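Mapped onto numbering that gives the first Met the number 0, the consecutive letters of the sequence shown carry residue numbers 0 to 73. For every residue, glycine included, the Cβ atom is placed at its ideal position computed from N, Cα and C. For clarity, every value in this text was computed on a predicted model and none was experimentally measured.
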Amino acid sequence: MPADQHGRICRQVQPDRAATTWTDFLRSQAEALLAADFIETVTLTGSRMYILTVIEHASRRIRVVGVTAHPTAA
């Protein structure tokens, strides 16, 4: 197959990647996207507590996974 013909075939087979924007991709994947974060808070007694939270992007719900005073303790 000549090089020129091979190049034309490859260009025809490649999908149009510019058709999907980042926003469209995130919306289509929202059901599977989760984000986790630690929140540090001070209680009424003055002690620090660390809260592990997860946000479900599809429902925008925040779930409290755990609370601890010592996040590095095993």
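- Inter-residue Cα distance where the pair is H69 and L43: 17 Å
- Task: Find the nearest neighbour of V66 within the set M48, A72, R59, H56, judged by alpha-carbon distance.
- Result: M48
- Work out the CA separation of W21 and S27 for me, nearest whole Å. 10 Å
- Query: Is it the case that the Cβ atoms of V63 and A35 are separated by a distance below 9 Å?
  - Reply: no
- Message: Can you tell me whether L43 is helix, strand or coil according to DSSP?
- Response: coil
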